[in-house]
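In our numbering, the protein residues as written are 17 to 378.
Using N, Cα and C, we set each Cβ at its ideal position, and we do this for glycine too.
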Ligand code: MRU
C-alpha cells in the first residue's frame, strides 16, 4: 500500500545491509510515519509486545524475522528453542504468531546450524510473501459481497462497518477485512466505511482511518458505541472484521468490542462477515470462549489517551478519575452462530467446522 505515493509493506529487510529488519512504528501513526530498524531478536520481541508492530498476520511475519535475527548471532539448537519460546510469549491471543514460529522451527531444526540463518531469512520472506498473496485473494473473495449490495442500491454507497484495524498495517500488505473494501473502491464501486474508534488503543481512529484516507476511501470514524444505533437506522449494509484466532468450529476472537457489534448486527439483520487467512485458524481448539487465551493489557491503555494537542505536539492525558482502577481485556470471542460467514483466501464459507473443512480439507 502507498503512503504519500511510496509503496510500503509493513515489514521488510534492509536492502543495503541485507539482514536488518524494518517496520513502521504504529504507535506513532497517524501523526508521524516513523520507520524502525530492528537489529536484534530482543528488539523484534519488544516491537511486538509494545505494539509498535501489531495485527495478527503481521506479528507472525515480524516474529519470523525476529527468529532470523537471533540465528544470525547464534544458530545452535538451544538458541533456536530459546528464541522461539521468547517470541511466542510476546502476545497470547493471535495464533498467527505461533503458526509462523512453528513453521520456522519445522524448516530450521533439521538443518545444520551453519545453514540456519540464511534459511531463516528465506523462510521469513516466504511467510511474508504468502501473507501478501493470501490477503490479495481474501480481497477477491470478499469483493462479490460488496458488489452484490452495490447492485441493489445504485447511485448510493455501500456502507460497511469495521472494527479495529484489519488493513495493510495489520498484515504484510492489503489487509484482511479491508482488502475487499480496497478492491471494491479500486473497481469503482462506491463504498463508505464506518470506522469504530476501537478503544482503548484506538486502532480504528488512528490506523484504519489513516489507511483508508491514504487510499482515498470515503470513511467516517464513530465512537465504539454508535454502531448499534447506525444499524437500527439502516446505515450499515454489512460488517466486515478481521480476527486473531478462529477455532475449527468457527468461533472468532477479535479486538474487544467485536462481539457487541455482532450482537447488534444479528438484532438488526445486518450481515456480519469475518475475513481471515489460513494462518489464523486454530485447528486444535473447538470452543473459542473457554479455550482462546485473552490478552490482558495495561490499565494505562484505558485510563490514558494519547493524541495531538492544539499546538501540534503529542501528549498523553488521563481521562479516568484519579484512583479508579481499570481493566483491559484486549480481545473478545464472537460465537460462530453470530457470524454470517468467513472470507478466506480459498473462498467464503459458513463459520463452522464443515465450512472450514470444505475449504481446507482434513
Ligand atoms: O491488538 P491488535 O491491534 O494487534 O489487534 C488487532 C486486531 O484485533 C485485528 O482485528 C486483527 O489482528 C485482524 S487480522 C488483520
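Quick one: what does DSSP say residue i is sitting in, helix, strand or coil?
| i | result |
| --- | --- |
| residue 118 | helix |
| residue 270 | strand |
| residue 300 | coil |
| residue 349 | strand |
| residue 112 | helix |
| residue 28 | strand |
| residue 139 | helix |
| residue 229 | helix |
| residue 261 | strand |
| residue 186 | helix |
| residue 254 | strand |
| residue 197 | helix |
| residue 169 | coil |
| residue 175 | strand |
For residue i, collect the residues of the same chain with a Cβ closer than 6 Å to its Cβ; drop the 5 residues on either side in sequence, then sort them by chain order.
| i | result |
| --- | --- |
| residue 80 | 116, 120, 140 and 143 |
| residue 87 | 132, 133 and 136 |
| residue 150 | 293 and 361 |
Is residue i buried or exposed, if buried means 16 or more other CB atoms sit within 10 Å of its CB?
| i | result |
| --- | --- |
| residue 33 | exposed |
| residue 269 | buried |
| residue 283 | exposed |
| residue 234 | exposed |
| residue 51 | exposed |
| residue 146 | buried |
| residue 334 | exposed |
| residue 330 | exposed |
| residue 312 | exposed |
| residue 159 | buried |
| residue 249 | exposed |
| residue 73 | buried |
At the level of alpha carbons, what is the spacing between residue i and residue j?
| i | j | result |
| --- | --- | --- |
| residue 170 | residue 20 | 32 Å |
| residue 290 | residue 126 | 37 Å |
| residue 280 | residue 224 | 21 Å |
| residue 75 | residue 42 | 12 Å |
| residue 368 | residue 271 | 20 Å |
| residue 274 | residue 349 | 8 Å |
| residue 240 | residue 85 | 39 Å |
| residue 302 | residue 352 | 11 Å |
| residue 297 | residue 242 | 30 Å |
| residue 327 | residue 98 | 46 Å |
| residue 110 | residue 193 | 16 Å |
| residue 190 | residue 201 | 13 Å |
| residue 207 | residue 182 | 17 Å |
| residue 58 | residue 246 | 44 Å |
What residues in its chain sit with their C-beta under 7 Å from that of residue i, if we drop five residues either side in the sequence?
| i | result |
| --- | --- |
| residue 156 | 199 |
| residue 129 | 91 and 92 |
| residue 205 | 162, 163, 166 and 174 |
| residue 64 | 75, 78, 79, 106 and 107 |
In its own chain, which residues sit with a C-beta less than 8 Å from the C-beta of residue i, not counting the 5 before and 5 after it?
| i | result |
| --- | --- |
| residue 62 | 68 |
| residue 45 | 185, 222, 223 and 226 |
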